[in-house]
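Here is the structure we will look at, set down as structure tokens.
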Amino acid sequence: MEYLQIEGGRPLKGQVRIQGSKNAALPILAAAVLNPGKTILHRCPRIRDVEAMLDILKNLGCKVAWERDTVCIDARGLASYTISREHAKQMRSSITLLGSLLGRTGQAYIPYPGGCVIGERPIDLHIAGLKKMGVEFPESPEGVEARCSRLKGDRLVLGFPSVGATENLLQAAVLAEGTTWIFGAAREPEILELCRFLNSMGAKIAGAGTSRIRITGVKKLHDTEYTIAADRIVAGTYLCAAVACGGEAALLGAPVSHMQGMFPVFWKMGARLHLEGEALVIQAPGRCFGVSGIETLPYPGFPTDLQSPLMAALCRTRGMSSIRENIFEARFKIVEELRSMGARIRVEKNRAFIQGVENLQGGNLYARELRGGAALCVAAACAQGQSRIYDCRYILRGYENVTGDLKNLGIMVQ
Ligand code: UD1
260 MEYLQIEGGR PLKGQVRIQG SKNAALPILA AAVLNPGKTI LHRCPRIRDV
310 EAMLDILKNL GCKVAWERDT VCIDARGLAS YTISREHAKQ MRSSITLLGS
360 LLGRTGQAYI PYPGGCVIGE RPIDLHIAGL KKMGVEFPES PEGVEARCSR
410 LKGDRLVLGF PSVGATENLL QAAVLAEGTT WIFGAAREPE ILELCRFLNS
460 MGAKIAGAGT SRIRITGVKK LHDTEYTIAA DRIVAGTYLC AAVACGGEAA
510 LLGAPVSHMQ GMFPVFWKMG ARLHLEGEAL VIQAPGRCFG VSGIETLPYP
560 GFPTDLQSPL MAALCRTRGM SSIRENIFEA RFKIVEELRS MGARIRVEKN
610 RAFIQGVENL QGGNLYAREL RGGAALCVAA ACAQGQSRIY DCRYILRGYE
660 NVTGDLKNLG IMVQ
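Here the working numbering is used: the first residue of the sequence shown is 260, the next is one more, and so on.
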């Protein structure tokens, strides 16, 4: 697909089923290597990042088989702990293999990761925690080399509730000797999902979903079958499309309990949300209100991954909006594209001030990263006239069937 062509300016009308969660699936796939056996995952999203993670697993010696949205990973044949440069470049989440490879083999080599261009993305918290558990990191200029003779449980304190660091430490702790405590752990639903998955394999984890997690090391794990939760960010993206365009949309299977931190923003914009059976239904007026004082925060706050789609929706509201980005420093990359459509946005360091305009104008747009690309779909859907979004490959990293979903929501797309 060279570009996505959207004819914008119509209210939404339709329904869409929400895919499995990318950010839950990736660490769960990484964790599958902990057990020298079989893992069956249902509702696994067939997105580029998942395909990239599966390629890595195959390269390490695992067998992978798909049947519709179910993937089976057989990790008995794991024969390597080295991730190739080419694979690491494709996806930053390769770093979540650090904890699981250490747990399984006592060694890991991961070239410095690639991925989204949304900021520095250091891994100091991952490394400090693992060092406390007995892991050594010999000097290695082009990647992270890690080895340990034995992983030992300890009391680990995270200075910031990093999602990735929490995931890596959890995975390292599952088969470690003794008990590990993670204080200041991330509380994102994806952490809860990873812990449930690990427990389904025989791990002993308590406190998941809180900032204090206790992992009692076990000697071995067993085969498991697990269903991945629906994707709260994909569902949130379509809520953004609804407040941008107006109209009504039903999100089937949306993970409502994971989305509570987003709802107040949509309410303030003038949207109504209710449940109808398994569907989360949003009804939004033709032109919503601007909202000031929005901040991205660790869960349960407003998610940084939805900041760009929300910004796109705020561009054509009545009045002024402001967003403070507290998680990733380089997440205002779509401002230029939105301005080219007629948006009035002023950026001051990590704050963006958006003066709503009556209409955006369609145009040629360029996706530069995953969520920014999704935001351009939102902008194009509410803009007058035709837009073409180039470099859609970024969007396909996280959205399984973006064209089909937008069509189902009543957006004219090809
Ligand atoms: C994960 C999600 C990403 C989401 C982010 C925050 C996946 C695959 N990705 O990314 O979509 O936007 O959580 O919800 O699940 N930090 C450090 N040192 C570290 C680790 C992190 O300073 O060792 C900082 C980062 O620079 C960033 C902040 O902590 O400013 C949040 O990062 P983190 O929570 O680790 O995000 P990711 O796990 O990379």
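Backbone N, C-alpha and C define an ideal beta-carbon position, used for all residues, glycine too.
Nothing here was measured: the structure is a model prediction, and the numbers come from that model.
- Secondary structure at T469: coil, using DSSP grouped into helix, strand and coil.
- Taking the Cβ of D314 as the reference point, every heavy atom of ligand 1 lies at 7 angstroms or farther away.
- In the DSSP assignment, C651 is bridged to no other residue.
- Taking C-beta separations shorter than 7 angstroms and ignoring five residues to either side along the sequence, the partners of K391 in its chain run D413, L415, following chain order.
- Taking C-alpha positions only, L313 is separated from G615 by approximately 43 angstroms.
- One Cα belongs to M518, the other to R656, and the distance between them is close to 21 angstroms.
- Three or more pairs of CB atoms, one per stretch, sit closer than 8 angstroms, so the segment 508 to 516 contacts the segment 477 to 491.
- In this structure, A424 lies away from H481, with their beta-carbon atoms at least 8 angstroms apart.
- In this structure, P562 has its beta carbon less than 7 angstroms from a heavy atom of ligand 1.
- The Cβ atoms of L389 and E426 lie no closer than 8 angstroms to each other.
- At least one heavy atom of ligand 1 sits closer than 7 angstroms to the Cβ of S421.
- Less than 8 angstroms separates the beta-carbon of A465 from that of R473.
- A direct Cα-Cα distance of roughly 48 angstroms separates T483 from G621.
- Between the beta-carbon of F522 and that of V502 there is about 12 angstroms, and that puts the pair past the 8 angstroms contact cut.
- Cβ-Cβ distances below 6 angstroms link G495 to M521, L565 in the same chain, with the five nearest sequence neighbours on each side left out; the list follows chain order.
- In the three-state scheme derived from DSSP, where H, G and I count as helix and E and B as strand, R351 is classed as helix.
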